[in-house]
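The numbering of the sequence shown is the working numbering, which starts it at 2 and goes up by one. Notes to accompany the following structure.
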Amino acid sequence: MTLTPVQLTRPASTTDAFLRQLVARVPGGSPWHLTEVYTGQLLVELPQSTPDDIERAFVKSRAAQRKWAATPVRERLAVFKRAHTIFVDNARTVTDLIQVESGKNRLMAIEESCDPPMVMSHYLKRAAKLLAPTRRGGPVPMLTSSTEIRQPKGVVGIIAPWNFPFATGISDAIPALMAGNGVVLKPDNKTALSPLYGVQMLEEAGLPEGLFQVVCGEGPDVGPTLIDNADYVMFTGSTATGKVIGERAGRNLIGCCLELGGKNPMIVLADADMPEAVQGAIFGAFGNTGQICMHIERIYLPESRYDEFKTAYLRKTRDLDVRAAYEFGPEMGSLVSVDHMRRVKSHVDDAVAKGATVLCGGRPRPDLGPAFFEPTILEGVTKDMLCGVTETFGPVVALHKYRTVDEAVELANDTDYGLNASVWGSDITAARAVAARIESGNVNINDILATAYAAKGTPSGGFKNSGVGARHGDQGLLKYTDVQNMAVLKKQVMGPRPGQDPDKYVTSMLSGLKMMRRFRIR
Ligand code: NAD
2 MTLTPVQLTR PASTTDAFLR QLVARVPGGS PWHLTEVYTG QLLVELPQST
52 PDDIERAFVK SRAAQRKWAA TPVRERLAVF KRAHTIFVDN ARTVTDLIQV
102 ESGKNRLMAI EESCDPPMVM SHYLKRAAKL LAPTRRGGPV PMLTSSTEIR
152 QPKGVVGIIA PWNFPFATGI SDAIPALMAG NGVVLKPDNK TALSPLYGVQ
202 MLEEAGLPEG LFQVVCGEGP DVGPTLIDNA DYVMFTGSTA TGKVIGERAG
252 RNLIGCCLEL GGKNPMIVLA DADMPEAVQG AIFGAFGNTG QICMHIERIY
302 LPESRYDEFK TAYLRKTRDL DVRAAYEFGP EMGSLVSVDH MRRVKSHVDD
352 AVAKGATVLC GGRPRPDLGP AFFEPTILEG VTKDMLCGVT ETFGPVVALH
402 KYRTVDEAVE LANDTDYGLN ASVWGSDITA ARAVAARIES GNVNINDILA
452 TAYAAKGTPS GGFKNSGVGA RHGDQGLLKY TDVQNMAVLK KQVMGPRPGQ
502 DPDKYVTSML SGLKMMRRFR IR
């Protein structure tokens, strides 16, 4: 294969001066070379934060957080109303940054730029209610009350991956900040630019300076100090790293939310609309170059419709427009790095060595860019192959046949992961019944992932090895708070009065319990 150097002009917004200004807020020295994925050329030198830098970032955020927590919720939310407009107005610049640092295609990048505004919109409607004190009954009617008060945790440490750097870095910070917390974010080195721009836009909207800090470095270098200084950790990344983070958070007795990997199945039922299922599977396997935690790596098809699906799917996959461009057009871009491309290739090579068949794709494409890999469909994948059991996280998908729906459900559940699943069928009631049997935090019917992920009012998280806790929904904000139970007793009536016969006290207490039950007093 001949290697044609990729000739590309970087998006106009990504000037050297702009990129240097973005990374200037990262404390540290000994820079890391952040490169343009499509060409491998240096974009900017990214400072690497030392443990001292990270501790200082927490001190700064904590100082700003005390004032922020004392700011009325209404005023805190006003910052995000302004931020929503700023984020939407600058979506194209965000898209440019996401593209240069991740190599994804433009459509995917602009869709990612929309995630933080969607999260802001949702919590702008919901946060005031969730954060308002809730008065509950006390143990003695009329004389006692208990109020549930939501206090911010303090400073939240967020560790984000490279596949959706802007969405995971900024969207997960929004409810934490609304709840009155400070944030120290550690993005992946490869993709620090778009989250840094997100912080800049939040400050432009009025977020107090210092409240939202960004530190950079390799995970094992930065992680321990970050977790040891945080009051809560929000982590998105691989299951292996999630276990390391969860262990350390547990030792420090702080809470954590872990959003981890998947090996997500798609079940096509016999009555599915096949053209729609095929189109869905194109996005499911190859959207974001197969680097979406909720994307599809296993497709289960009824024997009766296997060939029909396979023929149409292969044709569409072979026709995909795969290339490097900063314009709309390509349907698939690059993988994030040459290292990751090699990992994806190793999964395909391992499968082939153990007997799988490559129906299409299967090769790196250095002629398109250093980290390009062809959209790949495999047949005959088994559980003794790497890609049969672990997440490949690239544009590689395996087709499987099933005889009965029970068998399809069993195969779909035969995994340690449980992040997302997709069920396709015309009879929605029947499809729902199948979906309910899948051990997965998200199940989309007649869609791959967007319907569940964009439903910001519903918590989204993983079962089994795919995570702990959830983002979105009420719990996506409340997890960043501690509950304070503020109880008031207007007159001291509890316990025996001085000199009271203990038997009489017990009798009156027990009859009081019955009365409270009868009148439904809690
Ligand atoms: P990763 O676990 O290697 O890294 C994620 C982040 O953790 C990076 O910022 C990295 O620098 C940091 N990190 C690595 N080791 C660390 C350590 N010991 N201590 C602290 N931080 C550490 O994952 P990745 O390869 O960057 O991202 C891809 C993975 O993320 C995939 O498994 C994907 O499924 C998952 N993901 C999950 C979701 C979700 O919502 N469930 C969303 C996006 C990505």
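All C-beta atoms in this analysis are idealised placements derived from N, C-alpha and C, irrespective of residue type, glycine included.
Residue of the options minimising C-alpha distance to residue i
i: alanine 357; options: Leu78, Lys384 and Leu131; result: Lys384
i: tyrosine 124; options: Cys257, Pro266, Leu47 and Ala177; result: Ala177
i: glutamine 280; options: Glu332, Asn253, Leu254 and Asn230; result: Glu332
i: threonine 15; options: Thr96, Glu298, Ser146 and Arg319; result: Thr96
i: valine 120; options: Gly458, Gly513, Phe213 and Tyr307; result: Gly458
i: glycine 170; options: Gln201, Ile150, Thr145 and Gly155; result: Gln201
i: glycine 41; options: Gln8, Asp17 and Met386; result: Gln8
i: alanine 174; options: Asp54, Val435, Arg319 and Leu478; result: Leu478
i: methionine 295; options: Leu387, Lys317, Phe19 and Pro266; result: Pro266
i: glycine 183; options: Ala282, Pro153 and Val323; result: Pro153
i: asparagine 447; options: Val424, Ala453 and Ala434; result: Val424
i: leucine 20; options: Glu102, Leu208 and Val382; result: Glu102
i: proline 140; options: Arg498, Lys491 and Asp504; result: Lys491
i: serine 172; options: Leu194, Arg83, Cys115 and Ala71; result: Cys115
Proximity test, residue i beta-carbon vs the ligand NAD heavy atom, cut-off 7 Å
i: threonine 237; result: yes
i: proline 221; result: yes
i: isoleucine 160; result: yes
i: asparagine 447; result: no
i: tryptophan 163; result: yes
i: lysine 187; result: yes
i: glycine 29; result: no
i: glycine 262; result: yes
i: cysteine 294; result: yes
i: phenylalanine 394; result: yes
i: serine 467; result: yes
i: valine 245; result: yes
i: threonine 290; result: no
i: glycine 224; result: yes
i: glycine 362; result: no
i: threonine 242; result: yes
i: glycine 463; result: yes
Other residues of its chain near residue i: CB distance less than 7 Å, five sequence neighbours each side excluded
i: serine 335; result: Val38, Tyr39, Gly104, Thr290, Ala325, Gly370, Ala372 and Phe373
i: histidine 34; result: Leu43 and Glu46
i: leucine 4; result: Residue confidence is low: leucine 4 scores 45 on pLDDT, short of 50, so the model does not pin down where it sits. Its coordinate-derived value is still stated next. Taken in chain order, the residues that qualify are Pro367 and Asp368.
i: serine 31; result: Gln49
i: asparagine 466; result: Thr240, Leu261, Asp417 and Tyr418
i: methionine 386; result: Asp351, Ala352, Lys355 and Ala357
i: isoleucine 87; result: Met202, Glu205 and Ala206
i: phenylalanine 59; result: Val156, Val185 and Asn230
i: aspartate 322; result: Gly330, Pro331 and Glu332
6 Å Cβ shell around residue i - same chain, five flanking residues per side excluded
i: threonine 416; result: Lys264
i: glycine 362; result: Glu375, Pro376 and Thr377
i: glycine 462; result: Gly442, Gly468, Gly470 and Ala471
i: proline 188; result: Ala161, Pro166, Gly170 and Pro196
i: threonine 226; result: Pro52 and Ile55
i: phenylalanine 394; result: Gln292
i: threonine 94; result: Ser14
i: methionine 487; result: Thr148 and Ile150
i: valine 24; result: Val45 and Leu47
Residues of its chain near residue i, where Cβ-Cβ distance is below 8 Å and the 5 sequence neighbours each way are ignored
i: aspartate 272; result: Gly426, Ser427, Asp428 and Ala431
i: glutamate 304; result: Lys402, Tyr403 and Arg404
i: alanine 422; result: Asn265, Pro266, Met267, Ile268, Ala413, Ala436, Ile439, Ser441, Asn443, Val444 and Asn445
i: alanine 128; result: Val74, Leu78, Pro176, Met179, Ala180 and Leu478
i: leucine 212; result: Ser62, Ala65, Gln66, Trp69, Leu178, Gly183 and Val184
Exposure label - residue i; buried when at least 16 CB within 10 Å
i: proline 196; result: buried
i: leucine 379; result: buried
i: phenylalanine 329; result: exposed
i: valine 484; result: exposed
i: histidine 341; result: buried
i: leucine 511; result: exposed
i: methionine 2; result: Reliability of the predicted coordinates at methionine 2 is poor, the pLDDT of 37 falling under 50, and the value obtained from them is presented with this limitation in mind. Counting Cβ neighbours within 10 Å, methionine 2 comes out exposed, since fewer than 16 surround it.
i: cysteine 388; result: buried
i: glutamine 214; result: buried
i: glutamine 1; result: Limits of the chain in this structure are 2 at one end and 523 at the other, which puts residue 1 out of reach.
i: glycine 500; result: exposed
i: leucine 98; result: buried
i: arginine 519; result: exposed
i: lysine 244; result: exposed
Every unbroken beta strand (DSSP E) inside the segment 39 to 78 [3 residues or more]: Runs of the beta strand (DSSP E) inside the segment 39 to 78: 43 to 49.
Whole alpha helix (DSSP H) elements within the segment 113 to 154, 4-residue minimum: Those alpha helix (DSSP H) runs which fall completely within the segment 113 to 154 and span 4+ residues are 116 to 132.
Uninterrupted beta strand (DSSP E) stretches inside the segment 344 to 408 (no shorter than 3 residues): Entirely contained in the segment 344 to 408, the beta strand (DSSP E) runs reaching 3 residues are, in chain order, 358 to 361, 377 to 380 and 397 to 403.
Unbroken stretches of the alpha helix (DSSP H), 4 residues or longer, contained in the segment 278 to 348: Inside the segment 278 to 348, DSSP marks whole alpha helix (DSSP H) runs of 4 or more residues at positions 307 to 319, from first to last along the chain.
Alpha helix (DSSP H) segments (min. 4 residues) lying fully within the segment 152 to 238: Correct list: 174 to 179, 194 to 205 and 220 to 230.
Any beta strand (DSSP E) of 3 or more consecutive residues that is wholly inside the segment 442 to 517: Runs of the beta strand (DSSP E) lying entirely within the segment 442 to 517, each at least 3 residues long, are 443 to 446 and 482 to 490 in chain order.
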